[in-house]
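Just below is one structure, and these are the notes that go with it.
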Amino acid sequence: MAKKNKNVATRVIDVLGGFHVAIVSMVLLLILTWLSTLEQTGPGGLYWTLKKYFSFDAWYVVPTLNGKDLPIILPGGYWVCVVFTLNLIFGGVIRMRKGIKQLPIFFSHVSMAMLMIGGAITYHQSREAYMVLPVGASGDFAFSLTELSVEVAEIDGYDKKRPYVIDSKQLEAVRGQVGATQEYLFPELPFDIRVSDYYINAKLYPMQGSAPEGAVAVDGYYAMAAEPTGHEEQNLSSCVVRVIERESGKQHEVMLYEGVGHDVTVTIDGKVYGFRMHGEVWNTPFQVRLDDSRGEKHPGTGMAMIYESDVTVLDSDGNAERSFKIEMNKPLRYKDLTFYQTSWEEKDGLVESGFTVKTNPSDQWPKYSIYACGIALFVHFIIKLFGFVSSSIARNKHD
Amino acid sequence: MNSRKLLLGIPTLLAGILLVSCQDENPPIEITERRDLTSYDTEGNLKVAMPSEWRRVPSTRFRDYNCRFNEDGEVYISIASGGIKENAERWLKQFGSSDAVVVEELAGIESMGATGRLIEAQGTFQGMRGITIEDAALLGMMVESAGNLITVKMVAKADEVAAQRENFMAFCRSIEWRK
């Protein structure tokens, strides 16, 4: 019989859904995970290592070990995951032989594909921030330790109005780019701004005479760039904001520094406007009150041995809705938010708990995928076992 | 392709590349997104209404609320230690005066629910960081509240300080503890 001619799409699907691609993808993922685990302990830190190995922009990776680039180029982890997911869908779901006996394997492949898709949703849709609460206090916001924003708000006497937010994605074009400038237009305000001299890590000093060479000086202060650390949350960024009045063209300059815990201001047409650079602020839809918190650390290491917190969720009027106990690996899940306790400090009798607050549409997908896969493989095993025992009995009878 | 076409093609290609590279790399971004205020926007222990002629600049270790006006005029609030007398005498010393201060003789101003004291001086200012301002003036206020000494200090050229006097008084009166 003549072999049926296949078109290009079918051939691509055949290759993509093949066994070889599955093996190569899994081996690559194993190597990437192993190398990134080693690299994140170095100066790159966890944040930058994850970006380097598994971000959407990372088409390829040159691994670094002990400060030296290895002479190999690997494909980026994100794209290996994409190929592996397509392999599962094409090979393990679409092209797979269908039948009652293959049903458990089919379901195990579907559940693994769902696990991968859940990972992609987490990567693109999840949001993470940090909330710190001393015992007795309640919080209505969380802030990012890694994604910075610049905020602009009118200040009227004691009162600050709702700030305009330039988020981290909108700042990406200037972040750490020496000489780069980005213009931001505020149609609802009487001015626009230009952001420049954005250092990922800097130190801010009050001027004493003149600023050192290479420093950016504005209104009695200067910022000196410092080498960014791999631990992104420890970097303190700075930038220069040029405020341009739209009608008159008059310009003002302010220096923003992440380490400054308040707005710096400019007055335009008799109105005071505050400018501030800090981690993206995330208003939580409910308040959380820390009622009590207990913890213990490994002696000498400062690392958590155990910590747990009693919290109460409050509605917008401050009335208690529900009480929870958050423990290590037992987060609070409430109204699409998950609170993981990630730090615990006790100083001078004051106890403070830190929570990672996360929203993730596919939060529970890994759990359900693993359950589904486990059940499917168990059923497959039982079918195989039953088949084996039945055939053995039949063979014995025949003999 | 003949050489004439090639000669025409290369400059055209280069001009095209030049045109593309001359374009603004980062087009302006319009910002309309706002967020609601949270307790994050409540900073510090003090509530202050700053005059619109002034501008707020970064706080430092000893300046809890730090402002500037005109080119180099400075006004700042500090939560200090010690009493009014020794702090006032230290301030006056920066203007070359070693006179003893009698607190009760200083002019009063209502601030933070108590009577604050005004300290004034003129002359050459010798600052802590080696800064010297000729023909300068000091307008300061100190008030004891809730076991703390709150100081407000304005230093600039004498005529600038005189022009900002009303703003300074309003600023001092506006200071409150945040509840």
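Chains as they are written, first to last, in this note's numbering: chain A, 1 to 399; chain B, 400 to 578.
Glycine included, every Cβ here is placed at the ideal spot set by N, Cα and C.
Asked	Found
At what residue ranges does the stretch 495-574 of chain B contain a whole run of the alpha helix (DSSP H), taking only runs of 4 or more?	557-562, 564-573
Does the separation of the CB atoms of A513 (chain B) and E485 (chain B) fall below 8 Å?	no
Check whether the Cβ of A2 (chain A) lies closer than 8 Å to any Cβ atom in chain B.	Confidence in A2 (chain A) is poor, its pLDDT being 49 and thus under 50, which makes the residue's placement unreliable; the coordinate value appears in the next sentence. Output row for A2 (chain A): interface = no.
Indicate whether I483 (chain B) and D463 (chain B) have their beta-carbon atoms separated by less than 8 Å.	no
Looking at chain B, is there any beta carbon in it that lies within less than 8 Å of the beta carbon of F186 (chain A)?	yes
Restricting to runs no shorter than 4 residues, where is the alpha helix (DSSP H) found entirely within the stretch 56-120 of chain A?	77-89
Less than 8 Å between the CB atoms is what I'm expecting for L133 (chain A) and S353 (chain A), so what's the real figure, rounded?	6 Å
If you drop the 5 nearest sequence neighbours on each side, which residues of the same chain put their C-beta closer than 7 Å to that of L38 (chain A)?	L65
What does K446 (chain B) reach in chain A if we use C-beta pairs closer than 8 Å?	Y158
Between Y439 (chain B) and chain A, is any beta-carbon pair separated by less than 8 Å?	yes
Smallest Cα separation from H231 (chain A): which of A:F378, A:Y273, A:I200?	A:I200
In the DSSP assignment, the alpha helix (DSSP H) including D14 (chain A) goes from what residue to what residue?	8-16
Just the chain B side, please: which residues come within less than 9 Å of N7 (chain A) by C-beta, in chain order?	Chain B residues near N7 (chain A): none, gap ~35 Å exceeds 9 Å.
Which value, in whole angstroms, describes the spacing of the CA atoms of N329 (chain A) and Y340 (chain A)?	7 Å
With a threshold of 8 Å between beta carbons, is V15 (chain A) in contact with chain B?	no
Excluding the 5 residues flanking C421 (chain B) on each side, which residues of the same chain have their C-beta closer than 6 Å to its C-beta?	Caution applies to C421 (chain B), whose pLDDT of 48 falls short of 50 and renders its modelled position unreliable; the value that the coordinates give is listed next. Cβ within range, chain order: n/a, list empty.
Can you look up G420 (chain A) in the DSSP assignment and give me helix, strand or coil?	Summary: the structure shown does not reach residue 420 (chain A), with chain A confined to residues 1 through 399, and so no result is reported for it.
In angstroms, rounded to a whole number, what distance separates the CA positions of M540 (chain B) and M568 (chain B)?	9 Å
Between the stretch 131-147 of chain A and the stretch 252-265 of chain A, do at least 3 Cβ pairs fall closer than 8 Å?	no
So does R333 (chain A) have its beta carbon nearer than 7 Å to some heavy atom of the ligand NAP?	By its list of ligands, the structure shown contains no ligand whatsoever, and the ligand NAP lies outside what it can speak to.
Hey, could you find the ends of the beta strand (DSSP E) I430 (chain B) is sitting in?	Premise fails: I430 (chain B) is in no beta strand (DSSP E) and is neither H nor E.
Say whether the stretch 105-113 of chain A touches the stretch 202-212 of chain A, bearing in mind that this needs 3 or more beta-carbon pairs closer than 8 Å, one atom from each stretch.	no
Rounded to the nearest angstrom, what separates P63 (chain A) and L29 (chain A) at their Cα positions?	13 Å
If the criterion is Cβ atoms closer than 8 Å, does the pair D269 (chain A) and A153 (chain A) meet it?	no
Is it true that the CB of V93 (chain A) sits closer than 8 Å to the CB of S25 (chain A)?	no
Can you grab the Cα-Cα spacing for the pair S496 (chain B) / S309 (chain A), in whole Å?	58 Å
Threshold first: 4 residues or longer. Then list the alpha helix (DSSP H) segments lying entirely within the stretch 233-287 of chain A, N to C.	none
For V165 (chain A), would you say it is in contact with chain B, using Cβ-to-Cβ distances shorter than 8 Å as the test?	yes
Quick one: which residues of the stretch 542-555 of chain B get their C-beta closer than 9 Å to a C-beta of chain A? List them in chain order.	none
Among the candidates A:V21, A:G302, A:T10, A:I166, whose CA atom is the shortest distance from the CA of V281 (chain A)?	A:I166
Kindly indicate if chain A contains any beta-carbon less than 8 Å away from that of M511 (chain B).	no
Do you know whose CA, among B:E452, B:I428, B:N547, B:S438, lies nearest V474 (chain B)'s CA?	B:E452
Please work out which residues of its chain come closer than 6 Å, Cβ to Cβ, to L46 (chain A), disregarding the five sequence neighbours upstream and downstream, and give them in chain order.	Q40
Within the continuous alpha helix (DSSP H) that includes L189 (chain A), where are the two ends?	Note, L189 (chain A): premise wrong, no alpha helix (DSSP H); not H, not E.
Spell out whether any CB of chain B is found under 8 Å from the CB atom of Q125 (chain A).	no
Helix, strand or coil for P134 (chain A) per DSSP?	strand
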